[in-house]
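J.:
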Amino acid sequence: MRTIIEKIDRAQLNSEESTNIIKKAGEILKKGGLVAFPTETVYGLGADGLNENAAKKIYAAKGRPSDNPLIIHITDMAALGRIAKKIPEAAVRIAGKYWPGPLTMIFEKTDAVPYGTTGGLDTVAVRMPEDDIAAAVIRAGGGYIAAPSANTSGRPSPTKARHVKEDLEGRIDMIVDGGPTEIGVESTILDMTADPPMILRPGAVTREMLEELAGPVCVDKAVIAPESKERPKAPGMKYRHYAPRAELCIIEGEMEAVADAVNRMAEEKFACGYKIGIIGTDETLGKYKKGIVKSIGTREDEAVIANRLYGILREFDEENVDYIFSEAFPTGGIGSAVMNRLLKAAGHHVIYI
Ligand code: TXA
Ligand code: MG
């Protein structure tokens, strides 16, 4: 299959050229095809979420296990009522503040939602993204677009159209290129069928932000204590995920000690002929001696780190490194989402210094 790739200038979203691109994306989606598009978190791979056959194509294109449910993307609250039932009052309050935005909520599903979209579950995950291009594509495609991250299953999520092309060109109908995504890690997932509501995946909307509106909010044990035998409640969180091809190890501790340990381990691997990548920060960059050293941003700003994370992991893949050593990063705000993804990418391989 030939993949159509079209670039959209988000400053000119109402131009004739942009309108035609969105129209074409909508036609493909309505016919049951696959279109990748940017959201403010990561690129999504869209299909009509109410059409079981269309949703099935997503699993085939990504190589995704069929028990891993999809998020349905909408653009207005009226659409929520068609796909979800028993919507608690707290969800309406949360939606009032964080929709559109980087938040997904889980509800009981209605009969309108096929089991092929929910991986056989009686619940449905719903998100209303803020990105204007995403909203336009969703509307053009009929208003209920199932979209996982637009990567091959197991690889880091795409934050640029180029990443989608690397993974999925020839397997999907169209890529709408809207430039790099703003946030860089996937949405927070909040299960509203649990009482109190439970975070199944951390993201830009934090527990504190949600508790302000909804009272106590729990976090899935599998997120907090990932090494436990706890089975994650979001089926997708059980897979080794977000992973680069190289072996990734996180080194956590006081800054100088971490740099010393990384230098020692890098030297050992280097002496055996391996290619090394190091993920440092602006504050520590000068301390590393061997290998390809990249700064993920400043330790003062978790949002910048979130934005760079997946891109850096992919860059190291392109450079064919064998081992990546990474510092641990601050966990305030979106930092907990960053460390959640980094730990998964490392298969929980952490050395505490
Ligand atoms: O930011 C995002 O959420 C991006 C953009 C494209 O919207 N999408 C995304 O989708 O990250 P995906 O499929 O890569 O991750 C969705 C996660 C998976 O771990 C899946 O298991 C979980 O959400 N999930 C979906 N529906 C669920 C449900 N009904 N119950 C529990 N977990 C669910
Ligand atoms: Mg994903």
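Residue numbers for the sequence shown follow the working numbering, so the first one is 1363 and each next one is one higher.
For each residue, glycine too, the CB sits at the ideal point set by N, CA and C.
#1: Any chance the CB of Asn1430 is under 6 angstroms from a heavy atom of ligand 1?
#2: Would you list, in sequence order, the uninterrupted alpha helix (DSSP H) runs of no fewer than 4 residues that lie entirely inside the segment 1364-1406?
#3: Please determine, among Ala1423, Lys1418, Ala1453, Met1439, the residue with the shortest C-alpha to C-alpha distance to Tyr1477.
#4: In the DSSP assignment, find the beta strand (DSSP E) that holds Glu1470 and state where it starts and stops.
#5: What separation, rounded to the nearest whole angstrom, lies between the Cα atoms of Arg1524 and Ile1433?
#6: Might you give, ordered along the chain, the residues of its own chain that have their beta carbon closer than 6 angstroms to the beta carbon of Glu1492, omitting 5 neighbours on each side?
#7: Who pairs with Gly1408 in a beta bridge, going by DSSP?
#8: Where are the alpha helix (DSSP H) runs, 4 residues long or more, that stay fully inside the segment 1484-1509, in chain order?
#9: Measure the Cβ-Cβ separation of Tyr1405 and Val1526 and say whether it is below 7 angstroms.
#10: Identify whether Ile1330 lies in helix, strand or coil by the three-state DSSP scheme.
#11: Quickly, what does DSSP pair Leu1552 with across the bridge? List them, please.
#12: Do you know how far the Cα of Leu1572 is from the Cα of Gly1565?
#13: Look at Ala1422 and Met1536 and say whether their C-beta atoms are less than 7 angstroms apart.
#14: Evaluate Asp1539 with the Cβ neighbour count: other Cβ atoms within 10 Å of its Cβ, from every protein chain shown; 16 or more gives buried, anything less gives exposed.
#15: What's the C-alpha gap between Asp1473 and Thr1480?
#16: When the Cα atoms are used, what is the spatial distance from Leu1396 to Arg1501?
#17: For Ser1549, is the beta carbon positioned less than 6 angstroms from some heavy atom of ligand 1?
T.: Reading it off the structure:
#1: yes
#2: 1378-1392
#3: Lys1418
#4: 1465-1471
#5: 23 angstroms
#6: Glu1402, Pro1462, Gly1463
#7: Val1397
#8: 1494-1502
#9: yes
#10: Residue 1330 is absent from the structure shown; the chain starts at 1363 and stops at 1715.
#11: Met1467, Ile1561
#12: 11 angstroms
#13: no
#14: buried
#15: 12 angstroms
#16: 15 angstroms
#17: yes
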